[in-house]
Amino acid sequence: MSTFNTVRMLVSALQQVGLNEKQAKIYLACLELGKTSIKEIARKSEVKRTTIYDVIDEMIKEGIIKTASEGKKKRFLAVNPKELKIIIKQRENLLEQILPKLASIDNVSKTKPGIYFYEGTDGMKIVLAQVLNEAKEILGFSSAEDHFANLGNYWPNFLKNRIKKKIPVKTILKDSLKAQERKKIGRQELREVKISPKSYDHHSLIMIWGDKIAMFSFKKEMMAIVIESKELAQSQRSMFYLIWDLLKK
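So the sequence shown is numbered by the numbering used here: it starts at 6 and just counts up by one.
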C-alpha cells in the first residue's frame, strides 16, 4: 500500500473513532514529526495554517495534542496511540453514562418510524457498527462476494466481532462459490445458510435485527438505508421466514 493510501486509510479510521478530518490529519502529522511547530504541522498535514490554530486549541483541550516549550517557542506533540485509545475509551464511557437520559428525551423514535441514509463505505461501516452494538440475532439476504469486494478488511473484522459477541445469523445467499463456502463453514461462525438460485440476481445486503431493517446497495449507489419500525421489521422478518422455509437445506 502506498504512503498516500496508508495516510488516507488512517485518516478514515480516526474519523470513525471520533476525530474529524482536520483533527485526524493534524494528529498524524504531529505523531510523525514529534515535537514540532504550527508551520511544520501545516506543511505535513496540508491543513491551512489559519485553520490549524482553532483546531489544535480544541485538540489540546481534549488531551489529544500536548504543548511544550523550546526556549521562547511553543511546540506541539501528539499523545502516543495508547493514550489516544484511553481518551476515546473515556468518551465511550461518558456516552454510556448519559444514554439513559438521552433516551428519555428522544421524541423522534417514540412518535414515528425513522428512515436514515448513509453514503459510501464509511456510512455502511457506521450501520454495521450499529448492528454489532444492538443485535441479538441477525436475519439477512445477501450476495457474499459483494461484502468482501466492497468492504475490504472491514467485513472479516465485522465477522470476527459478531462471533465474539455471540450474535447468530440466518442468511439467504445468492448461489456462488463464496456462498457455498460460507454455508460449509457456517456452524463454526454462528451462521445458518440457505442458498437461493442464481437466477435471482442482486448485489445488495438486507439485515433485519430488533426493530430495524438495513438495506445496502453495492453497485452504482454505494449507500445504506436504515428503517426503524417495529411493524415493518416484523413484516420483513415474516417474509424472511416464508422464503427460508421454502428453500431446501
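C-beta: ideal position from N, C-alpha, C; glycine also. Since we're looking at a predicted model, the values are computed, not measured.
Are residue i and residue j touching if we call contact CB-CB under 8 Å?
| i | j | result |
| --- | --- | --- |
| N155 | T126 | yes |
| K189 | L137 | no |
| I168 | L195 | yes |
| K30 | L82 | no |
| I120 | I213 | no |
| H208 | K183 | no |
| F122 | M220 | no |
Could you check which residue in the options has the C-alpha nearest to that of residue i?
| i | options | result |
| --- | --- | --- |
| G76 | A47, I61, E51 and S42 | S42 |
| K87 | Q95, S209 and F81 | Q95 |
| I93 | I103, F81, Y32 and L24 | L24 |
| D206 | K179, A18, L99 and I69 | K179 |
In three-state terms, what does DSSP make of residue i?
| i | result |
| --- | --- |
| V132 | helix |
| A140 | coil |
| M212 | strand |
| Y205 | coil |
| E63 | helix |
| L24 | coil |
| L252 | coil |
| L103 | Note that residue 103 is Ile in the sequence shown here, rather than Leu. I103: helix per DSSP, three-state reduction. |
May I have the straight-line CA-CA distance separating residue i from residue j, to the nearest angstrom?
| i | j | result |
| --- | --- | --- |
| K49 | K130 | 28 Å |
| L237 | V12 | 41 Å |
| D289 | S148 | Given a span of 6 to 254 for the chain in the structure shown, any question on residue 289 remains unanswerable. |
| N166 | W160 | 10 Å |
| A47 | M14 | 20 Å |
| Y246 | R192 | 19 Å |
Since residue i and residue j should fall inside the 8 Å C-beta cutoff, what is the C-beta to C-beta distance between them, to a whole number of angstroms?
| i | j | result |
| --- | --- | --- |
| K175 | L144 | 5 Å |
| K199 | L252 | 4 Å |
| I177 | S201 | 5 Å |
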